[in-house]
Amino acid sequence: MDDSATELQRRPVAKRRKRAPNVSASLSRWVVDNVKQARELIRSEAREGYQEAAGRLVAVLEKMPDLWQELHEELLLAVWLGSDAGLRARLAEGAAGSLVRFSFQPQNLSSLFMTIGKALADEGRHCSALRAMHRGLKLAPDKASRDESISSLFGLRSRALALWHFAMLNDGPRNRAFAGAIRDTIQELCAESPADVQHSCLDIGTGTGFLALICRQLGQHSNKALEVHACEQNELLFALAKEVVGNHTSDDLGLAQSHRDTAQVQLHKGNSCTLQLQAVDFIVCEAVDAELLGEGYLQTAMDACKRLLKPRGRLLPCRATVHGQLVHCPILRHSFGATHACSSFKLQGVGCRLYQGFLCEFLEEFDHVVLSEPHELLQICFDDPEQIQQQLNACDVASVSLNVSRGGTAHALVVWWDLHLDKSGKHCVSSHPGRSENHWPQVFWPIWAQANAAEDEVGRSVSVGEAVEVGVRMFEDRIECRVKSPESCHAAQEYQGAEALSVEDFRWLNDRSVWDNLRKHSASVLPTKCREPRILDLSSLGLPAALVVVAQSLPKEIRPKAFASSCLDPASARAFLEANDISDNISFCQRSSAHNLACLEESRAEQSGDGDVILVFADAVQRSGELRPDILSQVVAAHRHCAVTGGKLWVLPHFLSLSLTLVESMPLSRSSRVQHPSVEGVNVDVRSLNALSPTTFEAFSEKRLSPKSLTSEQEVLRLPLSSPSCTTQMASLEAGKKYRLGPVLADGSVHGVLCNWSWSHPQQPREAGDDFPDIGKAGAVWPEALPGRVAKGDYVVVEIRTFAAHGILVTPLQLLPAASVS
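Start counting the sequence shown at 144; every next residue gets the next number (our numbering).
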């Protein structure tokens with residue numbers, strides 16, 4: 144024990160105060176018992192005991208903060224003794240120092256735990272860091288501390304574990320297929336070798352360590368020694384895998400000894416291509432994505448077979464088959480080119496192309512008609528490096544004919560794959576459309592119209608019995624599947640010289656409802672006369688389309704000075720503006736509020752009079768369904784600017800509305816929390832992973848979310864962005880405002896709160912035949928700490944507050960049973 148710790152331990156502990164009158168006898172006994180056990184654990188001089196002692200003392204202080212003066216030194220002692228050298232260094236220079244100097248300030252407990260959390264995160268102990276930060280958030284004494292705590296929590300979650308990991312770990316068929324293939328491989332190895340031979344395996348790209356733990360447990364079941372190695376090049380994932388694997392040795396998890404032994408996995412930090420390891424008997428690697436090769440599995444497999452696998456070793460997966468199918472799906476047109484945009488904007492001379500060339504989505508989420516039977520496009524044998532090299536050298540690996548079984552307009556070639564984990568093909572996992580619990584989307588390759596059709600038109604008429612040719616090319620990191628045209632169409636030319644736009648850019652341009660609503664907002668808010676207006680278009684779109692709509696809404700005699708932020712280079716954006724008859728007084732600016740206001744101030748100084756400001760956010764509600772995070776801070780800054788300069792501010796959209804609905808959604812639950820990663824004979828503790836589960840969700844389609852509404856939709860907030868009162872209203876939300884949702888309409892399991900942001904003016908249905916992907920669904924994930932079941936008549940209390948990094952934050956706080964509500 145070091146000198147500083149010894150000095151702290153020598154300090155006398157103040158006598159216990161008498162129980163306050165409002166403290167129950169049971170709580171008093173609970174406090175005494177926990178403090179007593181914490182002191183005994185500190186005296187045990189075991190590191191695990193120190194950590195448990197700190198946890199017990201924190202729990203006591205959360206219940207009875209008035210005991211701070213008596214217990215803070217023992218808490219510091221337990222935290223200090225249970226920390227390693229790196230964490231002690233952070234504590235010495237952080238909150239702990241202020242706690243020792245100002246021990247009479249209990250609010251420093253929040254600062255202590257945020258410091259501990261950040262230190263733990265720096266050391267890669269993300270799950271422990273999250274628990275510490277949650278403690279700090281709960282104890283935050285003021286808004287500044289709370290904002291810092293929330294920001295740290297959001298940052299930690301986004302860095303530690305991507306959301307798709309939860310859906311992947313909940314993919315039951317995927318888990319069972321890998322477990323079955325690993326089990327059979329181990330049994331085959333045991334049958335082929337003497338009883339005293341030790342086998343070894345390697346999990347490449349282990350991620351959270353799930354497959355490595357499966358290997359270890361199944362190896363134990365075989366009653367033969369199995370040496371398990373796992374490597375991960377991502378530093379954060381490596382740290383997380385180390386923590387998850389390490390948790391299986393912890394006695395406080397209540398796991399059986401055989402379960403705890405699964406932590407005997409040797410973790411290696413780095414890429415498998417640089418790993419120096421003796422050759423193993425079998426390798427497991429699931430480095431595949433929706434495109435199959437996008438995560439580099441091809442090169443990984445080739446190197447592993449040459450260096451890391453024994454001559455008769457097994458590679459899991461060993462083979463892949465790529466399939467394709469023609470579909471009629473009109474909704475895809477709006478993602479691949481400018482369709483409806485032509486009715487809203489002039490695009491002559493502004494060449495636009497889809498920069499990625501394909502789209503990844505779930506086919507079952509779109510209305511579609513299948514026009515051909517599934518057809519094999521390509522086979523790849525991952526355990527045959529020579530064959531792979533031949534395919535790469537050839538590049539054009541296949542030309543396949545798809546026979547049309549139903550006539551119609553083919554809009555896309557849908558591509559998916561089957562992953563064969565073993566040579567026999569017994570164990571297979573697929574990204575096939577409609578597969579139960581599938582977390583891999585399909586790849587859509589557009590089918591362009593004939594050469595004499597409109598330049599950007601997607602969709603080609605096909606007849607029954609017609610053979611449609613598909614060219615397949617294979618590269619190290621991708622597979623391209625393009626439908627060939629019998630004529631020379633623009634798809635083959637790849638839009639040479641055209642500007643690249645994303646799928647989201649095209650969806651914005653083609654969404655007529657957005658531009659119709661923006662025109663209505665402009666017409667209802669902007670006066671017929673403005674004092675030398677300056678339009679500041681801060682929409683985060685590829686082209687300054689919002690600037691065009693607003694400028695065209697002003698009387699022709701008004702010539703505003705305009706500032707536009709565009710994702711494209713200024714020359715392409717200016718060409719777009721000129722095509723739409725806007726060419727004078729245009730400047731291009733950054734999106735930071737400080738820079739924008741500096742531009743406004745500079746332009747005001749160059750003009751006579753104060754001038755008015757028109758602030759435009761066409762993407763105030765993002766396509767993911769979330770409120771754009773910076774819009775509120777930008778609006779507040781603009782109001783302050785205009786209050787100083789004396790100008791008038793108009794914000795478009797001029798209002799934002801937030802409505803909340805309590806929902807039940809199993810797809811949401813599977814994407815936010817690990818539910819059933821275990822398979823027969825294998826048990827993996829997932830509590831550390833679920834500690835990193837998200838607090839919000841976004842970008843769910845209506846079909847994918849499949850929400851069951853448990854309450855009626857309730858409008859809880861309406862922000863008049865153009866009014867100076869908006870700043871007052873937002874200021875009132877800084878400390879948080881509580882709302883009661885309900886009553887619950889029917890019994891059910893609650894998984895989230897759907898947050899519907901809107902600025903429709905007024906809300907209008909889409910035109911007949913106007914098929915278009917809706918704005919995504921977003922909201923708050925239901926906290927695990929709250930009851931997961933609700934009954935008819937119950938109410939839910941939520942808190943809504945402004946938060947600098949995330950705009951508006953909605954947090955479920957409490958479930959009120961029907962019997963308790965008057």
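Every residue, glycine too, gets a C-beta built ideally from N, C-alpha and C.
Give me the Cβ distance between residue i and residue j, rounded to the nearest whole Å; I'm assuming they're in contact under 8 Å.
| i | j | result |
| --- | --- | --- |
| LEU282 | PHE256 | 7 Å |
| ASN899 | SER831 | Their Cβ separation, rounded to whole angstroms, is 33 Å, which puts ASN899 and SER831 out of contact at 8 Å. |
| VAL924 | LEU361 | Not confirmed; about 33 Å, so no contact. |
| VAL423 | LEU451 | 6 Å |
| VAL613 | VAL626 | 6 Å |
| ALA716 | PRO687 | 5 Å |
| GLU769 | GLU823 | Not a contact, Cβ separation roughly 40 Å. |
| LYS880 | VAL940 | Incorrect: roughly 11 Å between the Cβ atoms, too far for contact. |
In the structure shown, what three-state DSSP assignment does residue i receive?
| i | result |
| --- | --- |
| ILE622 | strand |
| VAL896 | strand |
| GLN765 | coil |
| ALA430 | coil |
| ASP565 | coil |
| SER852 | strand |
| CYS333 | helix |
| PRO955 | strand |
| ALA962 | helix |
| VAL887 | coil |
| MET809 | helix |
| LYS412 | strand |
| HIS664 | helix |
| GLY352 | coil |
| PHE425 | strand |
| ALA834 | coil |
| VAL340 | coil |
| MET257 | helix |
| HIS949 | coil |
| LEU514 | coil |
| GLU195 | helix |
| GLU841 | strand |
| LEU345 | strand |
| ARG616 | strand |
| HIS782 | helix |
| ILE757 | strand |
Is it buried or exposed for residue i, if we count other Cβ within 10 angstroms and need 16 for buried?
| i | result |
| --- | --- |
| ASP526 | buried |
| LYS920 | buried |
| SER253 | buried |
| THR871 | exposed |
| GLN532 | exposed |
| LYS846 | exposed |
| THR349 | buried |
| ARG172 | exposed |
| TRP658 | buried |
| CYS785 | buried |
| ASN366 | exposed |
| HIS819 | exposed |
Skipping 5 residues on each side, what residues in its chain have a beta carbon closer than 6 Å to that of residue i?
| i | result |
| --- | --- |
| GLN534 | VAL540 and MET617 |
| VAL465 | LEU520, LEU521 and TRP560 |
| LEU380 | GLY350 |
| VAL387 | THR351, GLY352 and SER831 |
| THR328 | PHE425 and ARG457 |
Can you list, in chain order, the residues of its chain whose CB lies under 8 Å from that of residue i, leaving out five sequence neighbours each side?
| i | result |
| --- | --- |
| GLU967 | Given a span of 144 to 965 for the chain in the structure shown, any question on residue 967 remains unanswerable. |
| ALA221 | ALA181, LEU184, ILE185, TYR193, GLN194, ALA196, ALA197 and LEU200 |
| GLN407 | ARG359 and VAL371 |
| GLU507 | PRO576, GLY577 and LYS846 |
| TRP793 | VAL668, LEU669, ASP755, VAL756, ILE757, LEU758 and SER865 |
Spatial neighbours of residue i within its chain, please: CB distance less than 7 Å, with the 5 preceding and 5 following residues excluded, ordered by chain position.
| i | result |
| --- | --- |
| ALA310 | HIS582, ARG813 and SER814 |
| ALA555 | VAL470, CYS472, LEU475, PHE587, TRP588, PRO589 and ILE590 |
| GLY936 | PRO886, VAL887 and ALA961 |
(request) May I have a chain-ordered list of the alpha helix (DSSP H) segments no shorter than 4 residues that lie completely inside the stretch 433-497? (result) 440-446, 476-479 and 484-487
(message) Give the list of continuous alpha helix (DSSP H) stretches no shorter than 4 residues that lie fully inside the stretch 521-603.
(response) 528-537
(request) Give, in chain order, every unbroken run of the alpha helix (DSSP H) that is at least 4 residues long and sits entirely within the stretch 275-330. (result) 286-303 and 307-312
(message) Runs of 3 residues minimum, wholly inside the stretch 676-701: which ones carry the beta strand (DSSP E) assignment?
(response) 677-680
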